[in-house]
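Using full-length UniProt numbering, the first residue of the sequence shown is number 1, and each one after it goes up by one.
I have placed the structure first, in the form of structure tokens, so that the comments after it can refer back to it.
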Amino acid sequence: MVTAMLELFLRIERFTSRIALVAAVLMLIVSVTLGFYQVLTRFVFDAPSTWSEVMSRSAMIWCVFLGAAASFRGGYMMAVEVIYKLVPVRALVWLELLVALCCLLVLGILVYFGTLMTIRVSAQMLSGMQISIAWVYAAIPVGAAFSVLAVLARIASQVTRREPIGPAEAEALPERKHDTPVAPASQAPRHDTPPINAKTSSAPAPTGLTGRSRS
């Protein structure tokens, strides 16, 4: 029962993290495109746009907070690897639990206060546009909520040994995959005795066996 619930949760988290990653990529494309449009209108047409810079900045904010979920899930956030080397292998899971707890604490604060801030600024408008600035601030609680699911899924996969724990094991896995398999002793070619050449290694038979002995 617990395994089935865990598999369901991991499947849901995989879907949500994929949505967050795709949305982050789209927001990055929008931000770069609007930034190029802003430069084009300012320096080429000499008529700077009044809305592209604001929208480009807003799209980049959404890109950062949505992309954080994929970074948490893959373990791409900055880590102090020397701590993993000092901690014994058996205690790495407790270190990962401590790191996950700290991340969840920070993300919970972002969700709570980000929601309050989004509600508080809902009456304000973006400069040059008739859009509530709350749509920009909403990136904080939404991105943090995606990251919470990612952190929970990662620590659950590590505790159940579905994923490696710590950077040391993660770096050791690719080396094991490329190891050359050693052939068994029965199948390995033997080089201790040189091959026998039939033409040159035929020794003469003893005289006592091939002919009559002379008296």
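The C-beta atom is built at its ideal place from N, Cα and C for all residues, glycine as well.
Treat the numbers as computed from the prediction; the structure is a model and nothing was measured.
Beta carbon of residue i nearer than 8 Å to that of residue j
{"i": "VAL111", "j": "PRO141", "result": "yes"}
{"i": "ALA20", "j": "ALA59", "result": "no"}
{"i": "LEU28", "j": "SER56", "result": "no"}
{"i": "VAL148", "j": "LEU104", "result": "yes"}
{"i": "LEU6", "j": "THR160", "result": "yes"}
{"i": "residue 230", "j": "GLY67", "result": "Residue 230 lies beyond the range of the chain shown here (1 to 215); nothing can be said about it."}
{"i": "GLU81", "j": "GLN158", "result": "no"}
CA-to-CA distance, residue j to residue i, given in whole angstroms
{"i": "ALA170", "j": "ALA47", "result": "A caution first: ALA170 carries a pLDDT of 44, below 50, which makes its placement in the model unreliable, though a value can still be read off. Looking at the two C-alpha atoms, the distance is approximately 53 Å."}
{"i": "ALA144", "j": "ALA134", "result": "16 Å"}
{"i": "GLU53", "j": "VAL136", "result": "14 Å"}
{"i": "ILE83", "j": "LEU10", "result": "28 Å"}
{"i": "VAL2", "j": "TRP94", "result": "21 Å"}
{"i": "ILE12", "j": "CYS102", "result": "23 Å"}
{"i": "ALA4", "j": "GLU163", "result": "17 Å"}
{"i": "ILE165", "j": "ILE109", "result": "26 Å"}
{"i": "ALA156", "j": "PHE65", "result": "22 Å"}
{"i": "ALA123", "j": "LYS85", "result": "51 Å"}
{"i": "ILE119", "j": "ARG90", "result": "45 Å"}
{"i": "ALA79", "j": "PHE113", "result": "26 Å"}
{"i": "LEU98", "j": "VAL22", "result": "29 Å"}
According to DSSP, residues forming a beta bridge with residue i
{"i": "MET125", "result": "SER132"}
Cβ neighbours of residue i in the same chain (closer than 7 Å, five flanking residues each side left out)
{"i": "ILE131", "result": "MET125"}
{"i": "TRP51", "result": "GLY128 and MET129"}
{"i": "ARG73", "result": "SER17, ALA150, ALA153 and ARG154"}
{"i": "SER71", "result": "MET77"}
{"i": "SER31", "result": "SER56, ALA59, MET60 and CYS63"}
{"i": "residue 256", "result": "Residue 256 lies beyond the stretch modelled for the chain, which goes from 1 to 215, so this question has no answer here."}
{"i": "residue 230", "result": "No answer is possible for residue 230: the residues shown for the chain start at 1 and end at 215."}
Span of the alpha helix (DSSP H) around residue i
{"i": "GLY75", "result": "No alpha helix (DSSP H) holds GLY75; DSSP gives it neither H nor E."}
{"i": "TRP94", "result": "92-120"}
{"i": "VAL87", "result": "No alpha helix (DSSP H) holds VAL87; DSSP gives it neither H nor E."}
{"i": "ILE165", "result": "Premise fails: ILE165 is in no alpha helix (DSSP H) and is neither H nor E."}
{"i": "ARG161", "result": "Element bounds for ARG161: n/a, residue is neither H nor E."}
{"i": "ALA20", "result": "2-43"}
Contacting residues, own chain, Cβ-Cβ under 6 Å from residue i (five flanking each side not counted)
{"i": "TRP62", "result": "MET27 and ALA139"}
{"i": "LEU107", "result": "ALA144, SER147 and VAL148"}
{"i": "VAL121", "result": "ILE133, ALA134 and TYR137"}
Proximal residues to residue i (C-beta, below 8 Å), its chain only, five neighbours per side dropped
{"i": "SER49", "result": "TYR37, GLN38, THR41 and ARG42"}
{"i": "MET117", "result": "TYR137 and ILE140"}
{"i": "VAL44", "result": "none"}
{"i": "ARG14", "result": "ALA153"}
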